[in-house]
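Numbering (the working numbering), first residue to last: 1 to 741. Note that the Cβ used here is the ideal one computed from N, Cα and C, for glycine as well. All of these numbers come straight from a predicted model, not from anything done at the bench. Reading through the structure tokens given below for one structure.
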């Protein structure tokens, strides 16, 4: 009897002996917990970007408004509705907003484990959970305010219930309801995800059970029918960009599925080989053949969607469109990795997991929150007054502006987006707003996209006085006031309040992590009437690495900005911000500097000790001069040894001159930034030691004879030289000889 049932319903029904599943099931629960931890890890360490801000903007329209808006867009409204219900509970910070996606995405790992266990056995369930739980593409889209990963969860639930109904010995009718609900929820979240539950049809059998499955399929899709009919009345045909060529898609897809990459890179051949091996292994295994076929169908549908066509929305390639295929690929891998011969299967599985771990590590390694707009909107929060209007130059970043404006509490400030690149009528719109308004704020968010030559700024300067300017790299805000008055703060609300010296009453914390080239802004608030103070950045060794002198507080209190650029040579580690007045210091938070490397410390002392001490804490310890005679037209090399005898606060440049006598016009010279240009002198700390080699080209016409090598420091901003302790503007390194030609 058992053999007849096994022959009728397939080997998967024989895999449900729970006597040996305890360890794999426990490990599977551990994988689900690990998946949750990975998806919550550094969840807020990424800027809200266009797609997230756009999604949030639609969710804030309310159920009806979101439905009307999405009917003309590319995705159905279910996720937007859920987000609209979630935001009032979780708040508008990135972590809270993204946590909804985490909660809706992690169950997919548990469902994949359950489906794998039922279809492939306990070991297969564990492999399926590992593949999806560690997959960097799924982790990526589980950390975004977007619908793709939640749709995979809904689709997997539909596949699970559909599979159970078609393969269980005594299926419950509730499985059909679960299948239809999963199918509808997946399709009503992300259209392409509808194919995932439909893959259960690969287990289809004729008869009463098959007819019931078809009825549930048409029922689930039928629920979507009214929505599709409504969409067809509002949807327009358009393309997101130039079509992605099929060879390019096939080259980029393996890296996207296994490494979470947006496009093909140097590792795509390795990913392609691994993907093909995994797919072939699944197709030759009876238990994984249907999952492999389902992956091919799902991925093939994604490719078809990318092909040019005259109707509907045509996206450009992005791996997120293939996210529904990821769990099917994992289930195919699970079938191959959980069967014999064990060494070969285990090697394939471990190799694929190694690729996934590599992609996951690289994903988190590059995930870092940067201050592109946060401090800009903190300044606007302090100075934007009722009645002010905003002219926005941002390309397509209006949703990002709306997000940060709401985050900063700017209220319903009027915004006029302008685009000189695409709208020739923008001057009339700007002039009309200027005529009917008082103060105008020009807000620049990535202005190089729409206005690289600064036409809007120049146009406004020709019509209104510029009253204030707050720039943060290429982003910023410029105030134009007909009266030409400097702005007075209308709201001073530091995010952290303190009772510090010199009138310090609060600060806005900067970002917590910084890499090479990142700009970090600290905003402090002081009451007028106090004494001067300074902000210090203290390195992991407890040494002051950079100083900002704030002076006496202004008569009108307002946000005071401290700007740090993380130089490539800044020592990595955990830094501390502090506000200091005399011996009193107030900590202002911490900063982790990563991916930087300090210039090397000289391994040997200089051949020629000098011991010249300059002002501002700089000291020239010694030099290595060339030996022998130099030839005209050749070059000479000199190595300079520097140290920080105090705390330098200026950005000094080095000059090395070859002169007939000290103080005369040089016949050859070299100028450079010390420490290899990796660490500006204002970021040197007491005790730092560096060495630089200068190469000076000699003119062919230089007369033979004895020459002096002299060196010194000057400020690049104004050319002012740094003086030695004796009042000299240079240090004599020694003499060299230039021979005849």
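Exercise. From which residue to which residue does the alpha helix (DSSP H) around residue 53 run?
Worked result: In the DSSP annotation of this structure, the continuous segment of the alpha helix (DSSP H) that includes residue 53 starts and ends at 50 to 59.
Exercise. Across which residues does DSSP place residue 147 in a beta bridge pair?
Worked result: Residue 147 is not bridged to any residue.
Problem set entry | Given residue 375 as reference, the closest of 401, 68 and 138 once Cα atoms are compared | Ranking 401, 68 and 138 by Cα distance to residue 375 puts 401 first.
Problem set entry | Range covered by the beta strand (DSSP E) that runs through residue 609 | Residue 609 -> beta strand (DSSP E) spans 608 to 613.
Exercise. Taking the alpha-carbon positions, what's the residue 246 to residue 593 distance?
Worked result: CA-to-CA, the gap between residue 246 and residue 593 works out to about 41 Å.
For this session: Determine the direct distance from the alpha carbon of residue 447 to that of residue 736, and round the result to whole angstroms.
Result: About 52 Å.
Exercise. For residue 676, which residues from the same chain have a beta carbon less than 6 Å from its beta carbon, with the 5 sequence-adjacent residues on both sides left out?
Worked result: Closer than 6 Å at the Cβ level, and outside the excluded window around residue 676, lie 599.
Problem set entry | Cβ pair count under 8 Å reaching 3, the stretch 480 to 488 against the stretch 535 to 544 | In short, these stretches do not touch, since the Cβ pair count stays below three.
Exercise. Alpha carbon to alpha carbon, what distance is there between residue 175 and residue 11?
Worked result: For residue 11, the pLDDT reaches just 43, beneath the cut-off of 50, and the residue's location in the model is therefore unreliable, although a value from the coordinates is still provided. As the crow flies, the alpha-carbon of residue 11 is around 20 Å from that of residue 175.
Exercise. How long is the line joining the alpha carbons of residue 444 and residue 418, rounded to whole angstroms?
Worked result: About 11 Å.
Exercise. Going by beta carbon distance, what residues of the same chain come within less than 8 Å of residue 734, once the five residues before and after it are set aside?
Worked result: Around residue 734: 608, 623, 625, 708 and 709.
Problem set entry | Within 8 Å, strictly: CB atoms of residue 137 and residue 327 | It is not a contact, given that the beta carbons lie outside the stated cut-off.
For this session: Tell me whether the beta-carbon of residue 243 lies closer than 8 Å to the beta-carbon of residue 189.
Result: No; because the gap between Cβ atoms is not below 8 Å, this pair is not in contact.
For this session: For the stretch 677 to 692 and the stretch 658 to 665, state whether three or more C-beta atom pairs, one from each stretch, are separated by less than 8 Å.
Result: Output reads no: the stretch 658 to 665 does not touch the stretch 677 to 692.
Problem set entry | Check whether residue 410 and residue 381 have beta carbons under 8 Å apart | Their beta carbons are under 8 Å apart, which means residue 410 touches residue 381 by this criterion.
Exercise. Across which residues does DSSP place residue 128 in a beta bridge pair?
Worked result: Within the DSSP bridge table, the entry for residue 128 names no partner.
For this session: Could you tell me if residue 661 is buried or exposed, where buried requires 16 or more neighbouring beta carbons within 10 angstroms of its beta carbon?
Result: Its Cβ having fewer than 16 others within 10 Å, residue 661 is exposed.
Problem set entry | Sheet register partners of residue 535 (DSSP bridge) | Beta-bridge pairing links residue 535 to 548 and 579.
For this session: Compute the beta-carbon to beta-carbon distance between residue 372 and residue 475, rounded to the nearest angstrom, for a pair I have assumed lies under 8 Å.
Result: The beta carbons of residue 372 and residue 475 sit about 6 Å from each other, so the pair counts as a contact at 8 Å.
For this session: Kindly list the residues whose CB is nearer than 8 Å to the CB of residue 685, restricted to its own chain and excluding five residues on each side of it in sequence; keep chain order.
Result: Exclusion of the five residues before and after residue 685 leaves 539, 541, 543, 544, 545, 644 and 647 as the residues of its chain whose Cβ lies within less than 8 Å of its Cβ.
Problem set entry | residue 7 versus residue 168 - alpha carbon distance | Unreliable positioning characterises residue 7 in this predicted model, as indicated by a pLDDT of 43, which lies under 50. A coordinate reading is not provided.
For this session: Look up residue 559 in the DSSP assignment and say whether it is helix, strand or coil.
Result: In the structure shown, residue 559 sits in a strand (DSSP, three-state: E or B).
Exercise. Are three or more beta carbon pairs between the stretch 139 to 158 and the stretch 75 to 90 nearer than 8 Å?
Worked result: In short, these stretches touch, since the Cβ pair count reaches three.
Problem set entry | Boundaries of the beta strand (DSSP E) in which residue 643 is found, first to last residue | Going by DSSP, residue 643 is part of the beta strand (DSSP E) stretching over 635 to 644.
Problem set entry | For residue 573: DSSP bridge partner residues | According to DSSP, which records beta bridges pairwise, residue 573 is partnered with 593.
For this session: Please determine, among 206, 67 and 32, the residue with the shortest C-alpha to C-alpha distance to residue 778.
Result: It is not possible to answer for residue 778, since the shown part of the chain is limited to 1 through 741.
Problem set entry | Cβ-based burial, residue 346 [other Cβ within 10 Å; buried from 16] | With fewer than 16 other Cβ atoms within 10 Å, it is exposed.
Exercise. Applying the criterion that 16 or more other CB atoms from any shown protein chain within 10 Å of the CB defines a buried residue, is residue 17 buried or exposed?
Worked result: Below a pLDDT of 50, predicted positions are generally treated as unreliable, and residue 17, at 40, falls in that range; the measurement from the model is reported next regardless. With fewer than 16 neighbouring CB atoms inside 10 Å of its own CB, residue 17 falls in the exposed class.
Exercise. Do you know how far the Cα of residue 550 is from the Cα of residue 716?
Worked result: Roughly 22 Å between the two C-alpha positions.
Exercise. Does DSSP put residue 629 in a helix, a strand or coil?
Worked result: Correct three-state label for residue 629: strand.
Exercise. Do the stretch 154 to 162 and the stretch 51 to 64 make contact, defined as three or more Cβ pairs closer than 8 Å?
Worked result: The stretch 154 to 162 vs the stretch 51 to 64: no contact.
Exercise. Mind checking residue 583: buried by the 16 CB within 10 Å criterion, or exposed?
Worked result: That one is exposed.
Exercise. Does DSSP classify residue 373 as helix, strand or coil?
Worked result: When DSSP states are grouped into helix, strand and coil, residue 373 belongs to the coil group.
Exercise. Counting Cβ pairs closer than 8 Å, one from the stretch 36 to 44 and one from the stretch 116 to 125, do we hit at least three?
Worked result: Taking a contact to require three or more Cβ pairs closer than 8 Å, the stretch 36 to 44 and the stretch 116 to 125 do not qualify as touching.
Exercise. Are the beta-carbon atoms belonging to residue 200 and residue 166 less than 8 Å from one another?
Worked result: Judged by their CB atoms, residue 200 and residue 166 are nearer to each other than the 8 Å cut-off.
For this session: Within the stretch 240 to 296, note down every full alpha helix (DSSP H) run reaching 4 residues or more, in order along the chain.
Result: Secondary structure remark: continuous alpha helix (DSSP H) runs of at least 4 residues inside the stretch 240 to 296, in chain order: 246 to 259 and 268 to 284.
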